[in-house]
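> One structure is given below, represented as structure tokens, and several questions about it will come after.
Number of protein chains: 2
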Amino acid sequence: MLGTLTTVEVERLLASEFTGRIGCHADGRTYVVPVTYAYKSGNVYCHSAEGRKVRMMRKNSDVCFEIDRVEDVGNWKSVIGEGRFHELGGREALEAMDVLIARFAELERAQERHPSYVLRASEAESSRADGRAIVLFRIQLGEKTGRFERTSP
Amino acid sequence: MLGTLTTVEVERLLASEFTGRIGCHADGRTYVVPVTYAYKSGNVYCHSAEGRKVRMMRKNSDVCFEIDRVEDVGNWKSVIGEGRFHELGGREALEAMDVLIARFAELERAQERHPSYVLRASEAESSRADGRAIVLFRIQLGEKTGRFERTSP
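Here it is, written out as structure tokens:
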């Protein structure tokens, strides 16, 4: 059975996943890159080292954001959303960091593993990782489409 | 530890996964969509009902293909490849169908679940699903980049 997720199911999937993919396009090239994220009030918060995806999104802020949860070929859910890139600075960047740290601390508690991630996120407040600046940004989601397939008995 | 996958590891990940995402761009819009696929000799084989992604790839055949395997926020692998869309017809389409059916039969045997998928793939040979034509295509991969992070003890 193929179907469409309800608005509530779309929001729930966005809030429960923590990895998604950003699709961006600049200079005639399309790029899809996985990111870890925290979702809050229609925004996907991310942090990233300076690099290709950030440079592309600065050139063209119209992006696509995708998440999926795949059990197997016949059982999956996905959400695809139109998005707009906003680079964050000052207080907005610190607020985004709080959103990310709170989300990943929550995941830590659920998993009771890998405290390293939260430490890394905290270190990013110093705005340096491997000598590259850390960029905080949000993808403001517009229209979202959720789909699913279920073939389990 | 963040690192780069070797060529062998990139090929192995492409061959072992069965869902990925295509990023395409046309008419000023970027779209990322999950697909099930079979990988063979540098090509990602897919089938799809007629729809948005196929229309976009016909307009602009330069796409991006992405796969990832995420254990948790600190342990993941991903491959991102430049790709070119080729719509398949005639004997090429039948060969692509064979590649897909063989791959999903293999997954069936591994999982011993969901025989429905292979049946559905076979039915697609009739070139109709829900009244929409089925399109067979391959994404010919060019440059590929593999990355990983490992923070497990």
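Chains as they are written, first to last, in this note's numbering: chain H, 1 to 153; chain G, 1 to 153.
Don't be surprised by glycine CBs; every beta carbon is placed ideally from N, CA and C.
#1: Taking H:PHE65 as the reference, give the member of H:ARG12, H:ILE134 and H:THR19 with the closest Cα.
#2: Taking the alpha-carbon positions, what's the H:GLU9 to H:GLY146 distance?
#3: Please name the residues in the segment 81–110 of chain H whose beta-carbon is closer than 7 Å to at least one beta-carbon of chain G, in chain order.
#4: Taking 8 Å as the cut-off, does the segment 78–86 of chain H touch the segment 95–108 of chain H (at least 3 CB pairs, one atom from each stretch)?
#5: With a 10 Å radius around its C-beta and 16 neighbouring C-beta atoms as the bar for buried, classify G:MET1 as buried or exposed.
#6: To the nearest angstrom, how far is it from the Cα of H:ALA15 to the Cα of G:GLY90?
#7: Which residues, in chain order, does the segment 39–63 of chain H contribute to contact with chain G at a C-beta distance below 7 Å?
#8: Is there a C-beta anywhere in chain G that falls below 9 Å from the one on H:ARG138?
#9: Please report the Cβ distance between H:HIS47 and H:LEU107, rounded to the nearest whole angstrom; I am assuming they are in contact, meaning their Cβ atoms lie under 8 Å.
#10: For the beta strand (DSSP E) containing H:VAL154, name the first residue and the last one.
#11: Between which residues of its own chain and H:THR4 is the CB-CB distance below 7 Å, once the five residues before and five after are set aside?
#12: Alpha carbon to alpha carbon, how far is H:ALA133 from H:LYS53? Give it in angstroms, no decimals.
#13: Decide if G:SER41 is buried, meaning its Cβ has at least 16 other Cβ atoms within 10 Å, or exposed.
#14: Who are the Cβ neighbours of G:ARG150 in its own chain at under 6 Å, not counting the five residues just before and after it?
#15: With DSSP as the reference, please indicate the residues paired to H:GLY146 in a beta bridge.
#16: Against H:TYR37, what residues of chain G qualify as contacts under a CB-to-CB distance less than 9 Å, listed in chain order?
#17: What residues in the segment 63–74 of chain G have a beta carbon less than 7 Å from any beta carbon of chain H?
#18: For G:PHE18, would you say it is in contact with chain H, using Cβ-to-Cβ distances shorter than 9 Å as the test?
#19: Quick one: Cα of G:ASN60 to Cα of G:CYS24, how far?
#20: H:GLU11 and H:ARG69: beta carbons closer than 9 Å?
#21: Could you tell me whether the Cβ of G:ILE134 comes closer than 9 Å to any Cβ of chain H?
#22: Leaving out the 5 sequence neighbours to the left and right, which residues in its chain are closer than 6 Å to H:VAL99 when beta-carbon positions are compared?
#23: Considering only DSSP beta bridges, list what H:SER48 is partnered with.
#24: Compute the Euclidean distance between the alpha carbons of G:VAL35 and G:GLU95, then round it to the nearest angstrom.
#25: Can you find the residues in the same chain that come closer than 6 Å, C-beta to C-beta, to H:ASN43, ignoring five residues on each side of it along the sequence?
So, to answer that:
#1: Nearest to H:PHE65 by alpha-carbon distance, out of H:ARG12, H:ILE134 and H:THR19, is H:THR19.
#2: Going by the C-alpha atoms only, they are around 8 Å apart.
#3: Result list: PHE104 and LEU107.
#4: Contact between the segment 95–108 of chain H and the segment 78–86 of chain H is absent, because fewer than three Cβ pairs lie under 8 Å.
#5: By the beta-carbon neighbour count (other beta carbons within 10 angstroms, threshold 16), G:MET1 is exposed.
#6: H:ALA15 and G:GLY90: Cα-Cα distance of roughly 44 Å.
#7: Per Cβ criterion, the list reads ASP62 and VAL63.
#8: Not closer than 9 Å to any Cβ of chain G, the Cβ of H:ARG138 fails to qualify, so no.
#9: At roughly 15 Å, the Cβ-Cβ gap does not stay under 8 Å, so H:HIS47 and H:LEU107 are not in contact.
#10: Because chain H spans 1 through 153 in this model, residue 154 of chain H falls outside it and cannot be assessed.
#11: Within the same chain, and ignoring the five residues on either side of H:THR4 in sequence, the residues whose Cβ sits closer than 7 Å to its Cβ are GLY146 and ARG147.
#12: So the alpha carbons of these two residues sit roughly 14 Å apart.
#13: In summary, G:SER41 is exposed, with fewer than 16 beta-carbon neighbours lying within 10 Å of its beta-carbon over all protein chains present.
#14: Counting only Cβ-Cβ distances below 6 Å, and skipping sequence neighbours, we find MET1 and ASN75.
#15: The secondary-structure analysis by DSSP pairs H:GLY146 across a beta bridge with H:VAL79.
#16: None at all; the shortest Cβ gap to chain G is about 10 Å.
#17: Residues passing the 7 Å Cβ filter: VAL63, CYS64, GLU66, ASP68, VAL70, ASP72, VAL73 and GLY74.
#18: For G:PHE18, the nearest beta carbon of chain H is closer than 9 Å to its own beta carbon.
#19: Rounded to the nearest whole angstrom, the CA to CA distance from G:ASN60 to G:CYS24 is 7 Å.
#20: Cβ distance not < 9 Å, so H:GLU11 and H:ARG69 don't count as in contact.
#21: By this cut-off, G:ILE134 is not an interface position.
#22: ALA38, LYS40 and TYR45.
#23: In the DSSP output, where bridge partners are listed per residue, H:SER48 has H:VAL135.
#24: Spanning the two alpha carbons is a distance of roughly 19 Å.
#25: Spatial neighbours of H:ASN43 in its own chain (CB-CB distance under 6 Å, excluding positions within 5 residues in sequence) are listed in chain order as ARG138 and GLN140.
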